[in-house]
Every structure is written in C-alpha cells, then in structure tokens.
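In this note's numbering, the protein residues as written are 203 to 631. Note that CB positions come from ideal geometry on N, CA and C, so glycine has one too. Structure record follows, encoded as structure tokens.
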Amino acid sequence: MVSVKSAPPERPTMECQTEHFLMAQRQLDEIALEMGLDMELHERLRYPKRALIVAVPVRMDDGTVKTFTGYRVQHDTTLGPAKGGLRYHPEVNLGEVSTLAMLMTWKCALMGLPYGGAKGGIKCEPWNMSVGELERMTRRYTSEIINIIGPDKDIPAPDMYTNEQTMAWIMDTYSINVGHTVPSVVTGKPVSIGGSLGRHEATGRGVAFCVKKAVAHFKIAGPSPSVVIQGFGNVGSISAKILHEFGFKIVGVSDVFGGIYNPGGIDIPRLLAYITEMGKVAGFAGTTNVSNSELLELPCDVLIPAALGNQITAKNAPNLRCKIVVEGANGPTEPEADLWLHKNGITVVPDILANAGGVTVSYFEWVQGMMHLFWTESEVNTRLEEIMNRACDQVFDMCTKTGLRPRMAALRIGVSKLAEAKRLRGLYP
Ligand code: NAD
Numbered sequence: 203m204v205s206v207k208s209a210p211p212e213r214p215t216m217e218c219q220t221e222h223f224l225m226a227q228r229q230l231d232e233i234a235l236e237m238g239l240d241m242e243l244h245e246r247l248r249y250p251k252r253a254l255i256v257a258v259p260v261r262m263d264d265g266t267v268k269t270f271t272g273y274r275v276q277h278d279t280t281l282g283p284a285k286g287g288l289r290y291h292p293e294v295n296l297g298e299v300s301t302l303a304m305l306m307t308w309k310c311a312l313m314g315l316p317y318g319g320a321k322g323g324i325k326c327e328p329w330n331m332s333v334g335e336l337e338r339m340t341r342r343y344t345s346e347i348i349n350i351i352g353p354d355k356d357i358p359a360p361d362m363y364t365n366e367q368t369m370a371w372i373m374d375t376y377s378i379n380v381g382h383t384v385p386s387v388v389t390g391k392p393v394s395i396g397g398s399l400g401r402h403e404a405t406g407r408g409v410a411f412c413v414k415k416a417v418a419h420f421k422i423a424g425p426s427p428s429v430v431i432q433g434f435g436n437v438g439s440i441s442a443k444i445l446h447e448f449g450f451k452i453v454g455v456s457d458v459f460g461g462i463y464n465p466g467g468i469d470i471p472r473l474l475a476y477i478t479e480m481g482k483v484a485g486f487a488g489t490t491n492v493s494n495s496e497l498l499e500l501p502c503d504v505l506i507p508a509a510l511g512n513q514i515t516a517k518n519a520p521n522l523r524c525k526i527v528v529e530g531a532n533g534p535t536e537p538e539a540d541l542w543l544h545k546n547g548i549t550v551v552p553d554i555l556a557n558a559g560g561v562t563v564s565y566f567e568w569v570q571g572m573m574h575l576f577w578t579e580s581e582v583n584t585r586l587e588e589i590m591n592r593a594c595d596q597v598f599d600m601c602t603k604t605g606l607r608p609r610m611a612a613l614r615i616g617v618s619k620l621a622e623a624k625r626l627r628g629l630y631p
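What follows is the structure, given as structure tokens:
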C-alpha cells in the first residue's frame, strides 16, 4: 500500500457529526498527524462503520403508546465483534452515541481486547418510567436491532441508567427470538444467568489499579497519597473502597446531593454503611459539607471525577489543586481544560485507560460464557490487574518516549494497533 502521510482531511457532512463527534474526530486527526498515519487508513477511522436508528413504540402504563428513538452505532469491527454500553437518557443522540462508539474502539484496542467499538442508546427519561415500561422499551429496542447484535457481532453492556436487569431483558429477548439461550449476547448481566464474578466492581477496581500505577510513575511522594472523588455510585464508591484498602487517604467525596471533606481522611467502610441508611454522603460524621464545584477544587494528590462528562472545564481548571486527575467517568475533562492542565503540570490519566476495567471484565464474562467455564473472583481480579498494569505501563512508557500527554499516548497506542490490523486485512473487495 502506498503510504501517504496524514493531514487533516476535508470535512464531509454526516448526520453524526455533532460538536461532540467533531471533538473526537479532531483528537484522532491530531494523533494521526503526529504518528504519520496513512491518510486513507486515517479517513476510514474517522466515521462509524454502521449506524442504526430505530423507532421504539412502547405501550405505557396508562394505555397510550409512546414512540422513542433508539440508536446502535458500530464504529469499527476490525479486531472482533463490536462492544459497548447502552444508555437511557434524554440527551442521547446520533452524535453522542457515535462519539462514544469511537472511544470504545480506541479503548478496546488499547487494552488488547479482541473487540471493535460500539454504543447504543434510547432517548428517554428513565427516571419517569415504571419498571414495566422500561422492560417493554428494552425488549422492543432489542428486537429492532436484533439483526446487528449477537455474541459474534456486537455485544451490549450497561451504561448510564441501564443495569444488570436491562441486560437480562436483552439476553432473554434475543434468546427467545433465536430459539435457544444465548448468554454471551450481553455482558454485565446477573451472575445467576451467566454474569462474571467481579464484573460489578471491575471499573472501580481498575481505576484503583490505575491510580496506584500513576502515583508510582509520576512520583507522588508520601505513604498515603490523598484522593478526592466526585461521584459515589458504582465507579466512585468502589474506587474509594479499594483505594482505602490500598492505604490511600480519601479526603473528599460527593454525590448528586453534594460533597464532604475531611483533610485527615474519611472512614470509607463506615461511610458506605452510612449511605446504605441515609442514601447520600452529606452529613457524615466528622466531615464538612462542600458543594460539588468546591469538591473539585480541594487540595489533594489525586482527583477522580467519577460522575458525569464535562466536569473539568476551561473555567475551573485553573482552580484545581490536585497533582493528577484519573478519569473514572467518560469524558469528564473538556479538551480545552485538558490542554491547560497539561501545560500547567497536572497530569490527566484518560478515561480510555482509567475506566477500562469494566470492558476488560466484560471480555472475561464473554470468554467464560463462550467456554461454559467460570472463574473464581480472585482469578478475575488477578487477570484484571495484569491487563490494567500492562496497559498503564505501555501508556506511561509512550509518554516518556514521545513527550505526549497520557491521553494522546493512549490514543496513539489504540490507533496504531487498529491501523496495523486494518493494513494487514486490506480493503474488501
Ligand atoms: P452511577 O449511576 O452508579 O453513579 C453516578 C454517581 O454520580 C452517583 O453517586 C450520583 O449521585 C453522582 N452524580 C450524579 N450527578 C452528579 C453531579 N452533578 N455531581 C456530582 N455527582 C453526581 O454511575 P457509574 O456506573 O458509577 O458511572 C459513573 C461514570 O463512569 C459515568 O460517566 C459512566 O459512563 C462511567 N463509566 C462507568 C462504567 C461502569 O462499569 N459502571 C464503566 C466505564 C465508565
């Protein structure tokens, strides 16, 4: 193949090219230019391979029928079946789903998983729907996308406002339609129907492994580095629990209702018991209440945004007082803030590395399902640690060798692996 050095190509108009998607494309363009990626390969990576939009009519509890819009986007399938979550949110749109599908491609390639990237979503307000309505919506959506999903094609998993129960409904609907039980059509399902031990904790555990590696690599001194965590759901609370067990000092945490701070360290096991009773972190004994914006600006060694996207912005980045940011959430740092932090000596460990523990154990779940042979929780955790450590070493070594910031180093590794596979497979016909 003739290799033509990459330059940012002309920008054709495609329906998925929202502001969100253009940002992801610009990141790819930047790294393609930096690594001298073949221009034709670069162009092929800039768009989703396949995008499906479906109408999802649902009988509501009051007897009326409401039609929702659903999406499933497969960005790439060069390395294996597409893999990615399914989210229910009013802001879901083709651009957002396509952006997240592209990030899944880079994440899976970076982690060395035999998957391409996908994402799905339904535009809805799940908090205003009953369990019955959610079940009927999930089942109808599954039947509308059934031709493009499957254990060898595309494997959904939970994301925002979807969970193990959602995956069980998808698995059941798919299985009934093909006439036999197919657990491996989804991951993140309950253990009783083929889920993996350790999957529920995997993202938070992966974040904790990543923090440990980053603190050692970036030489953050002291026996118990201090940590602030925004978001205390699945990712945030489990990262806190495991980092506390590793000997880190968790000084601040928050949820949607607000945050708490204690510079001397928060007793995480007691806080977890408190939340079970009170449903929020605010008011926990021995801590001071802080707002979510104040929380991000607390002095600490490690800041872990583990709630929503776009939390660290050009406006608040200059106020951060951490040494490193480890992205538990997807896309918590806006591009402008990311550059500002880099230029001002605050390292950002990117989401495609830091929160990849979830998809890694999803891969283990898929493998166990295909083999019909299940692993112990400690086997799962040991293998997760190996893969997270290997990926962290690769990214941090790339930073040292090239001077790239971790986000671009991670992207470069992911894009290189994919480009190499595409080059070897060639172009059909
Ligand atoms: P979750 O719903 O379990 O928890 C979200 C937490 O964020 C809750 O504590 C909630 O109270 C808090 N929150 C919501 N709005 C907030 C606000 N405005 N300010 C502060 N806190 C707020 O979700 P999760 O599964 O922990 O996911 C968190 C993030 O991690 C998301 O960006 C998700 O896409 C990403 N992620 C999750 C996984 C996974 O396996 N769960 C994997 C990869 C990435």
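- Relative to Thr-279, the option among Thr-584, Ala-311, Ala-531 and Lys-603 whose CA is nearest is Ala-311.
- Between the alpha carbons of Cys-326 and Gly-406 lies a gap of roughly 27 Å.
- Residue pairing of Asp-356 in beta bridges, as defined by DSSP: Ala-284 and Gly-352.
- Taking 8 Å as the cut-off, the beta carbon of Ile-350 is found no closer than this to the beta carbon of Leu-296.
- By the CB criterion at 8 Å, Pro-353 and Met-610 fall outside the cutoff.
- Assignment of beta-bridge partners to Phe-270 by DSSP yields Val-258.
- Ile-462 places its beta carbon 8 Å or farther from that of His-446.
- Relative to the Cα of Gly-319, the nearest Cα in the group Ile-615, Val-275, Ala-531 and Ser-493 belongs to Val-275.
- Excluding sequence positions up to five before and after Gly-616, its CB lies within less than 6 Å of the CB of Trp-308, Ala-311 and Leu-312, all in the same chain and listed in chain order.
- Nearest in C-alpha terms to Met-241, of all of Lys-285, Ala-621 and Pro-631, is Ala-621.
- When distances are taken from the beta-carbon of Asn-532 to the heavy atoms of the ligand NAD, the shortest one is below 7 Å.
- DSSP places Leu-586 in no beta strand (DSSP E) but in the uninterrupted alpha helix (DSSP H) bounded by 579 to 604.
- A contact between stretches requires three or more CB pairs, one per stretch, nearer than 8 Å, and the stretch 492 to 499 meets this requirement with the stretch 513 to 532.
- Relative to the ligand NAD, Met-362 has its C-beta within less than 7 Å of a heavy atom.
- Shortest gap from the CB of Asn-557 to any heavy atom of the ligand NAD: under 7 Å.
- Buried is the label assigned to Pro-360, since at least 16 other Cβ atoms lie within 10 Å of its Cβ.
- DSSP places Asn-521 in the helix class (H, G or I) of the three-state scheme.
- A buried status is given to Trp-568, since no fewer than 16 other beta-carbon atoms sit within 10 Å of its beta-carbon.
- In this structure, DSSP gives Val-384 a state outside helix and strand, which the three-state scheme calls coil.
- The C-alpha of Val-550 is placed about 17 Å away from the C-alpha of Lys-603.
- The count of Cβ pairs closer than 8 Å, one atom from the stretch 537 to 557 and one from the stretch 371 to 388, stays below three, leaving the stretches out of contact.
- Secondary structure note for Val-563: its alpha helix (DSSP H) is the uninterrupted segment 559 to 573.
- Look at Ile-431 here: in three-state DSSP terms it is strand.
- Less than 8 Å divides the Cβ of Ala-508 from the Cβ of Gly-433.
- Excluding sequence positions up to five before and after Ile-348, its CB lies within less than 7 Å of the CB of Tyr-376 and Asn-379, all in the same chain and listed in chain order.
- The beta carbon of Ala-612 sits no closer than 7 Å to any heavy atom of the ligand NAD.
- Taking a 10 Å sphere around the C-beta of Glu-588, we find fewer than 16 other C-beta atoms and assign the residue as exposed.
- In the three-state reduction of the DSSP assignment, Pro-537 falls in the helix class.
- Taking 8 Å as the cut-off, the Cβ atoms of Thr-535 and Ile-514 count as close.
- Spatial neighbours of Arg-607 in its own chain (CB-CB distance under 6 Å, excluding positions within 5 residues in sequence) are listed in chain order as His-544.
- Under a 10 Å Cβ-count criterion, Thr-364 is classified as buried, with 16 or more other Cβ atoms of the shown protein chains found around its own Cβ.
- The beta carbon of Ile-233 lies closer than 7 Å to those of Met-610, Leu-613, Arg-614 and Val-617 in the same chain, with the five residues before and after it left out.
- The alpha-carbon of Lys-268 is positioned some 12 Å away from that of Met-331.
- Boundaries cannot be given for Ile-395, as no alpha helix (DSSP H) includes it and DSSP labels it neither H nor E.
- For Tyr-343, the three-state secondary structure derived from DSSP is helix.
- Residue burial annotation: Gly-272 is buried, with at least 16 other C-beta atoms found within 10 angstroms of its C-beta.
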